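K.L.:
Each protein sequence line maps, in turn, to chains B, H, A and D. Mind the numbering: the first sequence is residues 1 to 350 in my numbering, read in order. Mind the numbering: the second sequence is residues 1 to 350 in my numbering, read in order. Mind the numbering: the third sequence is residues 1 to 338 in my numbering, read in order. Mind the numbering: the fourth sequence is residues 1 to 338 in my numbering, read in order. Just so you know, even glycine gets a beta-carbon here, dropped at the ideal spot from N, CA and C. Given the structure is predicted, the values throughout are model-derived calculations rather than measurements.
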Amino acid sequence: MPQSSNEQVVEKVAAVLNKHASGANKSEAMVPNRDFTALQETAWRLSREIIEMTTKAGSGHPSSSLSMIDILTALYFGGVMRYNPQEPHWEERDRFILSKGHGAPGLYAVLAEAGYFNPALLDTLRQTDSPVEGHPIMNRLPGIEASTGSLGQGLSIGLGHALAARLDKRDYRVYVIIGDGESDEGQIWEAAMAAAKYQADNLTCILDLNQFQQTGSVNKVMPSLEPVVDKWEAFGWHVREIDGHDMEAVLEALRAVKTVTQQPQMIVAHTLKGRGLSPFEKNDVNRKHGEALKPEEAEIALAELDEQRTWAVYDPAGSRLPNNERSANRLAKEIVTRQGETGKPMENKS
Amino acid sequence: MPQSSNEQVVEKVAAVLNKHASGANKSEAMVPNRDFTALQETAWRLSREIIEMTTKAGSGHPSSSLSMIDILTALYFGGVMRYNPQEPHWEERDRFILSKGHGAPGLYAVLAEAGYFNPALLDTLRQTDSPVEGHPIMNRLPGIEASTGSLGQGLSIGLGHALAARLDKRDYRVYVIIGDGESDEGQIWEAAMAAAKYQADNLTCILDLNQFQQTGSVNKVMPSLEPVVDKWEAFGWHVREIDGHDMEAVLEALRAVKTVTQQPQMIVAHTLKGRGLSPFEKNDVNRKHGEALKPEEAEIALAELDEQRTWAVYDPAGSRLPNNERSANRLAKEIVTRQGETGKPMENKS
Amino acid sequence: MTTAKSTQTKSTEQALGLKEGPATRDAFGEALRELGRTNAKIVVVDGDVSNSTRTEYFAKDFPERFFNMGIAESNLVSVASGLAAAGKTPVAASFAVFLLCNAYDQIRMGVAFPKLDVKLVGSHSGISIGEDGPSQMAIEDLALATSFPNFTVIVPADAPSTKAATRAMFEYEGPVYLRTGRPKTAIIYANDGTNGSTEEIPFEIGKANQLREGNAVTIIACGIMVAMALEAAHTLSQNGIEARVLDMHTIKPLDNEAVERAARETGAIVTAEEHLITGGLGDAVARLVAMRQPVPIQFVGVNDTYAESGEAQALLKKYGLTASNIVDAAKQVIARKS
Amino acid sequence: MTTAKSTQTKSTEQALGLKEGPATRDAFGEALRELGRTNAKIVVVDGDVSNSTRTEYFAKDFPERFFNMGIAESNLVSVASGLAAAGKTPVAASFAVFLLCNAYDQIRMGVAFPKLDVKLVGSHSGISIGEDGPSQMAIEDLALATSFPNFTVIVPADAPSTKAATRAMFEYEGPVYLRTGRPKTAIIYANDGTNGSTEEIPFEIGKANQLREGNAVTIIACGIMVAMALEAAHTLSQNGIEARVLDMHTIKPLDNEAVERAARETGAIVTAEEHLITGGLGDAVARLVAMRQPVPIQFVGVNDTYAESGEAQALLKKYGLTASNIVDAAKQVIARKS
Ligand SMILES: Cc1ncc(C[n+]2csc(CCOP(=O)(O)OP(=O)(O)O)c2C)c(N)n1
Ligand SMILES: Cc1ncc(C[n+]2csc(CCOP(=O)(O)OP(=O)(O)O)c2C)c(N)n1
Ligand SMILES: [Mg+2]
Ligand SMILES: [Mg+2]
């Protein structure tokens with residue numbers, strides 16, 4: 001059927017696919033393990049890329065990508081996941097599944113950084129003929145483990161991989177990121193119950209608790225998501241709660257859960273939708289969810305990111321970021337509390 | 001399309017429908033409130049009818065009907081629900097929805113007893129042209145509030161009724177019975193979360209925790225349903241746990257939850273699939289679930305029921321049943337423990 | 001979200017003098033809000049996408065009659081079923097693809113089977129949503145919706161007729177699926193007397209609107225393909241081929257008489273829909289024609305594939321959903337006339 | 001559960017000398033167990049109904065490759081998707097109606113779109129399940145399954161061909177939906193050389209089996225309707241009408257050549273399926289015929305309604321799914337030949 005095509009895009013895509021088609025490039029497993037400063041630098045750079053690519057595309061979900069970018073950075077570059085971008089289907093690889101598929105730009109930035117494809121491809125986000133799709137599509141782009149975008153399915157798919165690992169006596173692990181809004185979907189709880197039944201201790205789920213879904217705060221749309229930690233514990237999971245922008249905390253949690261046995265693990269990560277950048281903090285549901293920044297807003301956001309880039313200059317040892325007002329690393333819990341106070345407690349109670 | 005028809009059945013059905021078509025028979029709300037002995041007698045009689053009609057039909061789900069028959073008896077005849085069988089669509093009626101629709105024979109026995117239709121119709125269970133269907137179908141038979149049989153949907157439907165009551169400023173209540181196997185369905189948890197959001201305090205759910213689903217014990221098929229009380233509490237519900245065959249306990253719980261405000265209520269009822277009757281206790285998943293008893297087995301079950309009918313002779317005051325070996329009223333908890341010990345703790349863990 | 005762009009090619013507008021109008025989802029949202037004023041039975045159940053489906057207009061004016069069930073389409077539909085059983089007229093709204101695909105069984109058991117008065121409204125239909133990509137595109141919703149016994153399935157062509165359809169949907173008692181779209185859409189039914197329309201938008205459930213007379217072939221279209229059908233007919237006319245154009249806004253029940261007449265009088269049919277060729281308008285027409293008056297048909301639709309992200313116009317072109325695809329199909333089918 | 005009864009009328013068996021055989025679900029269960037021995041990649045994911053789908057045979061022999069996901073069809077299908085992505089060949093099994101209707105979106109995103117090697121098997125198809133009633137009857141599963149791009153949809157007619165279909169399904173790499181039934185079913189493909197069959201059961205995905213030659217009309221059937229088609233052809237023959245009979249076991253991809261040939265050579269078609277007339281075999285045939293060789297068609301199937309509880313034979317009669325309905329349809333369609 002395809003009858004027309006975007007030549008530029010097609011060219012870029014061809015370059016990527018050639019790279020992987022040869023298969024000659026097979027090599028050992030990698031477990032990239034950058035030092036702490038480098039990780040912060042990476043997360044910072046990927047944040048910039050998320051804003052740039054979505055603003056260029058004119059759409060995409062930058063805020064949803066930014067809230068989980070520190071977690072993704074830790075997973076792919078913090079010595080957590082093992083994989084080989086030269087051999088995306090390597091059977092022993094750890095799997096990552098982005099269940100909240102609309103966060104795709106974040107995942108794309110990470111995969112390009114990891115070497116799955118040429119970062120130049122990020123410029124083709126959401127264009128016809130580009131595999132850099134609005135939502136991740138497996139087999140179209142190396143490194144994508146599942147087609148997502150219909151919320152609620154990724155954790156079940158992850159469980160499938162986890163069960164296959166057990167059958168094949170392989171020791172790979174499976175990581176899945178879900179959204180807090182996504183947690184409304186019953187399938188999440190079906191997967192939760194089934195994973196506990198099968199004691200899938202090779203399955204780690206990270207909840208990107210950024211406190212917003214599409215039409216408002218979780219506190220307004222589905223306040224009964226809380227107490228979320230109690231829910232996952234009652235479903236038989238090992239649960240940890242962290243600040244999802246505190247790189248140390250993220251790394252610590254991801255490493256710690258590897259030692260848990262007979263239980264799948266849930267990391268409840270308190271995050272900021274838009275990672276605290278001011279254009280996303282407008283009192284506007286569309287800015288908070290789903291809309292790309294206009295070029296002038298993007299400039300503000302990028303400038304704020306630059307301001308945050310203190311470690312490279314002041315803190316080469318790579319400890320935590322200074323606690324300035326706009327730091328994405330301030331404890332998300334604080335924000336949670338703030339939102340809890342200002343959000344309408346209930347709607348539609350007549 | 002209907003081209004053939006079963007004359008006998010059609011006649012019986014016509015009689016029922018005429019009764020309700022006139023509309024002349026409108027009367028006041030009823031809250032039947034039989035005394036304790038009468039309730040036990042009713043539950044006993046309905047238990048007999050469940051066995052008789054399913055054995056006659058050659059199929060049906062007697063064990064699933066029996067596990068909840070004491071609860072249904074309490075709801076319809078114990079001063080709990082208000083309704084008017086002469087006016088099945090009376091707007092102020094309390095609603096009952098059988099989410100685990102395969103328990104239909106139990107519901108039919110109760111509705112006939114309540115006067116919604118002629119008990120003679122029970123003989124037509126599962127026959128062509130009869131509205132006494134394999135699973136409940138609304139608008140085919142008076143008193144059926146929802147078409148069920150695909151598991152997982154009834155609680156959401158009940159929430160719809162509960163929200164309508166609030167909008168219309170009516171004080172009717174909504175009761176839903178779900179199964180423990182049915183609780184695997186994610187939609188149950190979607191409904192749980194939404195009902196808590198809307199603080200639907202006019203919604204009561206009863207979990208028929210009979211410890212078996214279609215292919216085995218819950219302990220084997222989905223052990224991670226436990227801790228079920230913790231789950232419902234974490235989902236924001238008011239939870240009570242009772243022996244679902246202890247009529248006093250059932251009545252007490254159903255009355256008590258009426259005073260709960262701002263929270264939907266879950267009554268976790270420990271029951272016996274087959275109500276303890278020996279033909280259902282065979283070590284056979286099909287006897288435990290879904291199969292009707294053969295005539296000779298039915299005779300045994302009926303005889304056991306007769307043996308249990310002690311209150312009418314010995315205990316006119318209507319206190320609890322004597323604790324004999326076969327009493328359906330022995331604490332289900334005991335059974336639960338027993339099953340927990342004998343059931344394989346896990347399957348498919350390779 | 002991108003700013004919605006029109007799917008109309010400049011040529012259509014120029015050729016036919018059609019003006020670009022609002023998206024059909026916008027028109028639905030406005031009509032719903034208006035009806036909310038007079039019809040107190042209307043309530044809305046949405047799944048965290050009211051800013052996409054446009055039920056937010058209703059929600060703003062009638063907050064107590066609006067229920068946001070979060071991202072849980074199965075629950076959403078069954079809740080609507082309960083509300084309907086209790087006497088309300090609920091709208092159950094989400095993206096078309098999530099509403100139909102994630103809650104099919106709930107619609108079956110809770111809406112279609114008991115014939116309850118639930119209005120399902122799915123926005124973001126078709127591939128013209130563009131950049132969000134295939135996971136969000138409904139290209140099978142008509143196959144699913146028409147499979148339900150007792151169902152009425154409506155696909156309006158433009159904003160004015162969407163308003164009329166919304167009104168008609170609430171006048172009718174029973175289960176309805178209304179399909180709306182995201183892009184700005186050419187106005188076919190103007191109130192100014194152009195394009196053969198009168199003051200009143202003609203809209204009757206189950207009755208096709210004939211927009212153009214012709215005897216060489218009939219183009220039967222729905223949704224955004226209606227404007228393209230008009231453009232195609234214009235082009236064909238310049239080649240001396242006069243095509244009849246039917247706006248088949250109701251896919252179920254189909255206007256059997258209009259289809260039979262088309263088959264008898266024009267002897268060849270092209271169907272055009274923003275949907276898989278399987279299971280939608282084309283199949284409904286093929287079935288009827290086979291039963292009443294067999295004639296050749298060409299089907300314009302998405303040909304058994306999922307699409308991709310991209311700019312709406314580019315995708316419509318790439319997947320074969322343009323006026324020129326309709327022109328080609330018309331020529332082919334005319335050549336096959338016996 | 002009732003003891004499964006045959007849907008074959010005595011007359012079919014007598015007229016054609018067909019023997020009653022096992023249910024197609026039984027045949028599937030046995031074939032699956034056999035294949036499990038040699039194909040270690042096969043795993044099964046079932047939803048607390050393995051005693052209904054007959055995956056319990058496999059479960060018994062290969063407990064470590066069997067996963068009971070409880071009553072949660074959405075999760076079940078997505079888990080199968082993950083298993084397939086990790087290199088397994090999963091069977092995802094449940095009642096046909098729950099598998100398709102409760103997990104449509106999971107199949108769309110997790111199986112059809114990525115073309116993963118998942119075999120969906122739905123038992124309890126059609127109204128011949130009888131007493132359990134309409135909530136458990138799949139009459140729309142073919143409409144749903146054929147709507148998926150990249151899908152193969154198979155409806156075998158009897159136990160021997162179900163075994164052959166099961167083997168073929170695993171030889172083919174990609175998403176398949178296999179529909180099985182609950183009642184005992186007449187044996188059409190005997191191994192004893194009767195009914196025109198040879199030692200090998202002829203079964204090739206996408207290739208219809210012609211069971212009877214004739215030029216007056218073609219009866220295209222699937223599932224339990226194939227035996228009825230043979231009976232109808234026998235009756236018609238006694239009236240001097242020779243009907244061709246095609247076992248169209250694969251609904252998607254359709255055997256376009258066989259259908260086109262039937263249209264060209266016999267000029268009239270009857271389709272027969274235990275499914276809604278909408279969306280299944282009939283629509284697939286109507287579409288192809290409209291594109292290649294328009295001829296009149298009569299459709300035998302469930303006519304836009306849900307059914308009811310009852311004895312299987314009585315229901316098939318009441319809802320118009322018998323050999324005599326096929327005979328009537330054949331006579332009508334022949335009368336309409338041009
Ligand atoms: C099944 C389904 N329903 C609805 C949507 C539309 N949708 C896309 S993103 C979104 C909100 C997601 O919120 P959350 O999970 O909190 O993700 P966040 O963007 O906050 O990380 C919604 C409703 C969808 N993609 N899938
Ligand atoms: C959606 C769905 N999946 C599967 C079934 C088949 N089925 C009918 S009853 C049953 C077991 C139900 O177990 P439970 O909820 O514990 O009910 P019980 O009979 O024990 O009261 C199953 C799997 C169904 N009816 N609906
Ligand atoms: Mg969120
Ligand atoms: Mg149970």
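So, does the CB of residue 222 (chain B) fall closer than 7 Å to a CB anywhere in chain A?
P.N.:
Indexing the first sequence from 1 puts residue 222 (chain B) at position 222. Yes, contact with chain A.
K.L.:
Is residue 332 (chain D) near ligand 4, judged by its Cβ being under 6 Å from some heavy atom?
P.N.:
Along the fourth sequence, one-based indexing puts residue 332 (chain D) at 332. For ligand 4, not one heavy atom lies less than 6 Å from the Cβ of residue 332 (chain D).
K.L.:
Hey, could you find the ends of the beta strand (DSSP E) residue 205 (chain H) is sitting in?
P.N.:
Position 205 of the second sequence holds residue 205 (chain H). Element bounds for residue 205 (chain H): 203–209.
K.L.:
Report all residues from its chain with a CB closer than 8 Å to the CB of residue 319 (chain A); omit the five preceding and five following residues, and keep chain order.
P.N.:
Taking the first residue of the third sequence as position 1, residue 319 (chain A) is located at position 319. Hits under 8 Å: 127, 302, 303, 305 and 307.
K.L.:
Within 10 angstroms of the Cβ of residue 334 (chain D), are there 16 or more other Cβ atoms? Answer buried if so, exposed if not.
P.N.:
As a working note, residue 334 (chain D) is residue 334 in the fourth sequence. Flag for residue 334 (chain D) reads buried.
K.L.:
Cβ closer than 7 Å: which chain D residues qualify as neighbours of residue 287 (chain H)?
P.N.:
As a working note, residue 287 (chain H) is residue 287 in the second sequence. Those do not exist, as residue 287 (chain H) stays about 11 Å from chain D at its closest Cβ, beyond 7 Å.
K.L.:
Please return the same chain residues whose Cβ sits closer than 6 Å to the Cβ of residue 56 (chain D), not counting the five positions on each side in sequence.
P.N.:
Here residue 56 (chain D) refers to the residue found at position 56 when the fourth sequence is read from its first residue. Excluding sequence neighbours, residue 56 (chain D) sits near 50.
K.L.:
Consider the Cβ of residue 189 (chain H): report whether some Cβ of chain B lies at a distance smaller than 7 Å.
P.N.:
Here residue 189 (chain H) refers to the residue found at position 189 when the second sequence is read from its first residue. It does; some Cβ of chain B falls within 7 Å.
K.L.:
Excluding five sequence neighbours on each side, which residues of the same chain lie with their C-beta closer than 6 Å to the C-beta of residue 163 (chain A)?
P.N.:
Taking the third sequence and counting its residues from 1, the one referred to as residue 163 (chain A) is at position 163. 27 and 31, listed in sequence order.
K.L.:
Residue 88 (chain A) versus chain H: which residues are under 9 Å apart at the beta carbon?
P.N.:
As a first step, residue 88 (chain A) must be located in the third sequence, where it is residue number 88. The contacting residues are 160, 163, 164, 167 and 168.
K.L.:
Ignoring anything shorter than 3 residues or poking outside the stretch 217–299 of chain D, list the beta strand (DSSP E) runs there in chain order.
P.N.:
Listed in chain order, they are 217–221, 243–247, 250–252 and 269–276.
K.L.:
Give me the chain B residues within the contact set of residue 71 (chain A), using Cβ-Cβ distance strictly less than 9 Å, ordered along the chain.
P.N.:
Here residue 71 (chain A) refers to the residue found at position 71 when the third sequence is read from its first residue. What residue 71 (chain A) touches in chain B: 151, 152, 179, 181, 182, 183, 184, 185, 213, 214, 221 and 222.
K.L.:
Rounded to the nearest angstrom, how far is the Cβ of residue 201 (chain B) from that of residue 264 (chain B), given a contact under 8 Å?
P.N.:
The residue labelled residue 201 (chain B) in the question sits at position 201 within the first sequence. The residue labelled residue 264 (chain B) in the question sits at position 264 within the first sequence. Sure, about 7 Å apart at Cβ, within 8 Å.
K.L.:
So is residue 39 (chain D) buried or exposed if we call it buried at 16+ other beta carbons inside 10 Å?
P.N.:
Stepping through the fourth sequence from its first residue, residue 39 (chain D) is reached at position 39. Residue 39 (chain D) comes out exposed.
K.L.:
Run through chain D and tell me which residues come within less than 7 Å of residue 200 (chain B), C-beta to C-beta.
P.N.:
The residue you call residue 200 (chain B) lines up with position 200 of the first sequence. What residue 200 (chain B) touches in chain D: nothing, since even the nearest Cβ is about 11 Å away.
K.L.:
Kindly confirm or deny that the stretch 164–181 of chain A and the stretch 116–134 of chain A touch, where touching means at least three C-beta pairs closer than 8 Å.
P.N.:
Judged by Cβ distances under 8 Å, the stretch 164–181 of chain A makes contact with the stretch 116–134 of chain A, as three or more pairs qualify.
K.L.:
Can you tell me whether residue 148 (chain H) is buried or exposed? The criterion is at least 16 other CB atoms within 10 Å of its CB, across all chains shown.
P.N.:
Position 148 of the second sequence holds residue 148 (chain H). Per the 10 Å Cβ criterion, buried.
K.L.:
Give me the residue from D:22, D:17, D:19 and D:59 with the minimum Cα distance to residue 215 (chain H).
P.N.:
Here residue 215 (chain H) refers to the residue found at position 215 of the second sequence. Of the listed residues, the one whose Cα sits closest to residue 215 (chain H) is D:59.
K.L.:
Does the separation of the CB atoms of residue 295 (chain B) and residue 128 (chain B) fall below 7 Å?
P.N.:
Against the first sequence, residue 295 (chain B) aligns to sequence position 295. Against the first sequence, residue 128 (chain B) aligns to sequence position 128. No, the Cβ-Cβ distance between residue 295 (chain B) and residue 128 (chain B) is not below 7 Å.
K.L.:
Under the rule that 16 or more other beta-carbon atoms within 10 Å means buried, what is residue 29 (chain H), buried or exposed?
P.N.:
Stepping through the second sequence from its first residue, residue 29 (chain H) is reached at position 29. When all chains shown are included, residue 29 (chain H) counts as exposed.
K.L.:
Could you check which residue in B:270, B:236, B:238 and B:226 has the C-alpha nearest to that of residue 234 (chain H)?
P.N.:
In the second sequence, counting from the first residue as 1, residue 234 (chain H) sits at position 234. Residue B:226 is the option with its Cα nearest to residue 234 (chain H).
K.L.:
Taking 7 Å as the CB-CB cut-off, is residue 231 (chain B) touching chain H?
P.N.:
Within the first sequence, numbered from 1, the residue matching residue 231 (chain B) stands at position 231. It does: the Cβ of residue 231 (chain B) has a partner Cβ on chain H nearer than 7 Å.
K.L.:
Taking C-beta pairs closer than 7 Å, name the residues in chain D that residue 134 (chain H) reaches, listed in chain order.
P.N.:
To locate residue 134 (chain H), count along the second sequence from 1; it is residue 134. The contacting residues are 131, 132, 133 and 309.
K.L.:
Residue 105 (chain D) touches chain H at which residues, Cβ-Cβ below 9 Å?
P.N.:
Residue 105 (chain D) sits at position 105 when you count from the first residue of the fourth sequence. Simply none; closest approach about 12 Å.
K.L.:
Give me the Cβ distance between residue 123 (chain H) and residue 53 (chain H), rounded to the nearest whole Å; I'm assuming they're in contact under 8 Å.
P.N.:
In the second sequence, counting from the first residue as 1, residue 123 (chain H) sits at position 123. In the second sequence, counting from the first residue as 1, residue 53 (chain H) sits at position 53. That pair is a contact at about 7 Å.
K.L.:
Quick check: the Cα distance between residue 246 (chain D) and residue 211 (chain D), rounded to an integer number of angstroms?
P.N.:
Position 246 of the fourth sequence, counted from the first residue, corresponds to residue 246 (chain D). Position 211 of the fourth sequence, counted from the first residue, corresponds to residue 211 (chain D). Approximately 6 Å, taken between the alpha carbons.
K.L.:
Give the residues of chain A in contact with residue 152 (chain D), contact being defined as C-beta atoms less than 9 Å apart.
P.N.:
In the fourth sequence, the residue the question calls residue 152 (chain D) occupies position 152. Result: empty, since nearest Cβ-Cβ is about 12 Å, beyond 9 Å.
K.L.:
By the 10 Å Cβ neighbour count, where 16 or more other Cβ atoms means buried, how is residue 89 (chain A) classified, buried or exposed?
P.N.:
In the third sequence, residue 89 (chain A) corresponds to position 89, counting from 1. Answer is buried; the Cβ neighbour count reaches 16.
K.L.:
Hey, residue 70 (chain A) and residue 222 (chain B): beta-carbon distance below 7 Å or not?
P.N.:
In the third sequence, counting from the first residue as 1, residue 70 (chain A) sits at position 70. In the first sequence, counting from the first residue as 1, residue 222 (chain B) sits at position 222. In this structure, residue 222 (chain B) lies closer than 7 Å to residue 70 (chain A) by Cβ.
K.L.:
Assuming residue 313 (chain A) is part of the alpha helix (DSSP H), what are its boundary residues?
P.N.:
In the third sequence, counting from the first residue as 1, residue 313 (chain A) sits at position 313. Where residue 313 (chain A) is concerned, the enclosing alpha helix (DSSP H) stretches over 312–318.
K.L.:
Kindly list, in the order they appear in chain D, the residues whose Cβ is closer than 7 Å to that of residue 139 (chain B).
P.N.:
The residue given as residue 139 (chain B) occupies position 139 in the first sequence. Chain D residues near residue 139 (chain B): 114.
K.L.:
Please identify, using Cβ separations under 7 Å, the residues of the stretch 96–115 of chain B that lie next to chain A, in order along the chain.
P.N.:
Residues passing the 7 Å Cβ filter: 101.
K.L.:
Could you check the C-alpha separation between residue 187 (chain A) and residue 160 (chain A) for me, to the nearest Å?
P.N.:
Translated into the one-based positions of the third sequence, residue 187 (chain A) becomes position 187. Translated into the one-based positions of the third sequence, residue 160 (chain A) becomes position 160. Near 7 Å, if we compare the C-alpha coordinates of residue 160 (chain A) and residue 187 (chain A).
K.L.:
Select from A:110, A:37 and A:62 the residue whose C-alpha is nearest the C-alpha of residue 85 (chain A).
P.N.:
In the third sequence, counting from the first residue as 1, residue 85 (chain A) sits at position 85. The shortest C-alpha separation from residue 85 (chain A) is found at A:110.
K.L.:
Between the beta-carbon of residue 158 (chain B) and the beta-carbon of residue 69 (chain B), is there less than 7 Å?
P.N.:
Counted from its first residue, the first sequence places residue 158 (chain B) at position 158. Counted from its first residue, the first sequence places residue 69 (chain B) at position 69. Contact flag unset, no.
K.L.:
Taking 7 Å as the threshold (beta carbon to beta carbon), is residue 414 (chain H) in contact with chain D?
P.N.:
Shown here, chain H extends from 1 to 350; a query on residue 414 (chain H) therefore has no answer.
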